[in-house]
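Reminder that position 188 of the sequence shown reads as 518 in our numbering, one-by-one numbering, no gaps.
Worksheet for the structure shown next.
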Amino acid sequence: MTAKSDTAGSTGTSGTSGPVERVLSGIQPSGVLHIGNYFGAIKQHLEYQEQYAGEAFYFIADYHALTTVRDPEEMARLVRGVALDYLALGLDPGKATFYRQSDLPEVCELTWILGCVTGKGLLDRAVSFKDKVQQGIAASAGLYMYPLLQAADILIVRSTIVPVGQDQAQHLEITRDIAGSFNAAYDCTLFPGPKTMLNDAAVVPGMDGQKMSKSYDNTVPIFASEDEIVARVKRVKTSSTPLGEPIDPDTDIVYQLYRLFASQEDGDAMRRAYQAGDMGYGTSKGLLQTAMASYFEPYRDRRHELEGDLDYVEDVLQQGVKRAREEARQTMELVRERVGLDSRAMMGAAQ
Ligand code: ADP
Ligand code: TRP
Numbered sequence: 331m332t333a334k335s336d337t338a339g340s341t342g343t344s345g346t347s348g349p350v351e352r353v354l355s356g357i358q359p360s361g362v363l364h365i366g367n368y369f370g371a372i373k374q375h376l377e378y379q380e381q382y383a384g385e386a387f388y389f390i391a392d393y394h395a396l397t398t399v400r401d402p403e404e405m406a407r408l409v410r411g412v413a414l415d416y417l418a419l420g421l422d423p424g425k426a427t428f429y430r431q432s433d434l435p436e437v438c439e440l441t442w443i444l445g446c447v448t449g450k451g452l453l454d455r456a457v458s459f460k461d462k463v464q465q466g467i468a469a470s471a472g473l474y475m476y477p478l479l480q481a482a483d484i485l486i487v488r489s490t491i492v493p494v495g496q497d498q499a500q501h502l503e504i505t506r507d508i509a510g511s512f513n514a515a516y517d518c519t520l521f522p523g524p525k526t527m528l529n530d531a532a533v534v535p536g537m538d539g540q541k542m543s544k545s546y547d548n549t550v551p552i553f554a555s556e557d558e559i560v561a562r563v564k565r566v567k568t569s570s571t572p573l574g575e576p577i578d579p580d581t582d583i584v585y586q587l588y589r590l591f592a593s594q595e596d597g598d599a600m601r602r603a604y605q606a607g608d609m610g611y612g613t614s615k616g617l618l619q620t621a622m623a624s625y626f627e628p629y630r631d632r633r634h635e636l637e638g639d640l641d642y643v644e645d646v647l648q649q650g651v652k653r654a655r656e657e658a659r660q661t662m663e664l665v666r667e668r669v670g671l672d673s674r675a676m677m678g679a680a681q
């Protein structure tokens, strides 16, 4: 994992010793979570909950998803899916604070206040807005403000470490700029400049060889059924190398995916067999299907169990937001006081 350096007075060191660090990340419920999300984000989130037990905050970014999801039923289904997936895969509510963004309305209040110290030019430079509009997503004011809302998510609980994929690096730079602008505008050090923690995991390829992404319809969902896995692996693009000829593992998508699921030994065995011309795509795809299905097998039962106990899932989210709200309220008290929106300040203000 790689730490990108911060600005605006972060609390400094990473690791368990030294000043208290707080980890935070958000997951958009804008599609069914896939194995790219798992190896690119979720796995790292689960590792951090161990390293920073008690100080890891993860939330379902449903306000953000409103920029793309318009069907209320679909929204509810996707939010539930993310909650179930994370809990089934090992999110431990005893170690991590897990909540729904929309249960924390203070985040919208902070978005507005931060918006008033944010230069419009900063948001104009956000590449994600341009990318999304190019993909056909409506150029709403909400989509334009997306990085501002993300800054509020991060700053409201004064988090110092934000584990994300490379595609989020610019949003983190924007967050640090916004934190710095607020501190400068109000001559304070209220907001730390959070560090970006980039996952070193290579980009997981989709079935067509592009980055796996819900936008490209090339994903394998984490909890795909076995039939679905078989069907999707069948669609993985391969070269036209004839059987018996060597295959270059470094450009082969089946091998790139297999390596994520297989042991080092099994991965090496496929590599050697490919290079020796001893393995064709029929065999390697079969191995990939088996490895994929068995990798998530232990979590499948847990997911079924949780599906049957949605009250427990809701309870976890309610407990989580209780903790997040305590932190958010403290932050907002300081912010309101600092910017002069606090009733006590008005009562005591000079005439
Ligand atoms: P999608 O591209 O499917 O829309 P998101 O943008 O919602 O996925 O990504 C959520 C998280 O998962 C981000 O941290 C992102 O970096 C990570 N991620 C998504 N796709 C991949 C991939 N193919 N390889 C590695 N990480 C990924
Ligand atoms: N924009 C992030 C993504 O698409 C999701 C997100 C929303 C987030 N708020 C955040 C990530 C705060 C980290 C911190 O993946």
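We put the beta carbon where it would ideally sit given N, CA and C, even for glycine.
A quick note: this is a predicted structure, and the numbers were derived from the prediction, not measured.
Alpha carbon of residue i to alpha carbon of residue j, nearest angstrom
{"i": "Asn-367", "j": "Val-550", "result": "10 Å"}
{"i": "His-364", "j": "Val-669", "result": "42 Å"}
{"i": "Leu-671", "j": "Ala-554", "result": "50 Å"}
{"i": "Met-676", "j": "Ala-406", "result": "41 Å"}
{"i": "Leu-444", "j": "Ser-489", "result": "16 Å"}
{"i": "Arg-655", "j": "Gln-648", "result": "10 Å"}
{"i": "Lys-652", "j": "Arg-430", "result": "11 Å"}
{"i": "Ala-471", "j": "Gln-374", "result": "32 Å"}
{"i": "Ser-432", "j": "Val-566", "result": "37 Å"}
{"i": "Thr-568", "j": "Asp-582", "result": "7 Å"}
{"i": "Ala-324", "j": "Ala-679", "result": "In this structure the chain extends from 331 to 681, so residue 324 is not present and cannot be described."}
{"i": "Pro-493", "j": "Asn-529", "result": "7 Å"}
{"i": "Ala-561", "j": "Met-537", "result": "11 Å"}
{"i": "Arg-659", "j": "Gln-358", "result": "23 Å"}
Same chain only: Cβ atoms within 8 Å of residue i, ignoring 5 sequence neighbours per side
{"i": "Val-457", "result": "Gln-500"}
{"i": "Glu-385", "result": "Val-350, Glu-351, Arg-352 and Val-353"}
{"i": "Ala-592", "result": "Met-600, Leu-617 and Ala-621"}
With 16 other Cβ atoms within 10 Å as the buried cut-off, status of residue i
{"i": "Glu-556", "result": "exposed"}
{"i": "Gly-616", "result": "exposed"}
{"i": "His-634", "result": "exposed"}
{"i": "Thr-526", "result": "buried"}
{"i": "Arg-602", "result": "exposed"}
{"i": "Pro-579", "result": "buried"}
Close Cβ partners of residue i (< 7 Å) along its chain, the five nearest in sequence each way excluded
{"i": "Gln-464", "result": "none"}
{"i": "Phe-369", "result": "Ala-531, Val-534 and Leu-590"}
{"i": "Gln-540", "result": "Tyr-546 and Asn-548"}
{"i": "Asp-507", "result": "Leu-452"}
{"i": "Thr-571", "result": "Ile-577"}
{"i": "Leu-376", "result": "Leu-419, Gly-420 and Leu-421"}
Coarse secondary structure for residue i, derived from DSSP in three states
{"i": "Val-350", "result": "coil"}
{"i": "Phe-512", "result": "helix"}
{"i": "Gly-411", "result": "helix"}
{"i": "Val-494", "result": "strand"}
{"i": "Leu-434", "result": "coil"}
{"i": "Tyr-382", "result": "coil"}
{"i": "Ile-552", "result": "coil"}
{"i": "Ser-543", "result": "coil"}
{"i": "Ala-371", "result": "helix"}
{"i": "Leu-396", "result": "coil"}
{"i": "Thr-427", "result": "strand"}
{"i": "Ile-365", "result": "helix"}
{"i": "Pro-535", "result": "strand"}
{"i": "Lys-462", "result": "helix"}
{"i": "Leu-520", "result": "coil"}
{"i": "Ser-360", "result": "coil"}
{"i": "Ser-355", "result": "strand"}
{"i": "Thr-661", "result": "helix"}
{"i": "Thr-526", "result": "strand"}
Presumed contact (8 Å Cβ cut-off) between residue i and residue j, rounded CB distance
{"i": "Leu-618", "j": "Val-584", "result": "6 Å"}
{"i": "Ser-360", "j": "Ala-395", "result": "5 Å"}
{"i": "Ile-484", "j": "Leu-354", "result": "6 Å"}
Contacting residues, own chain, Cβ-Cβ under 6 Å from residue i (five flanking each side not counted)
{"i": "Glu-657", "result": "Val-487"}
{"i": "Ala-623", "result": "Glu-556 and Ile-559"}
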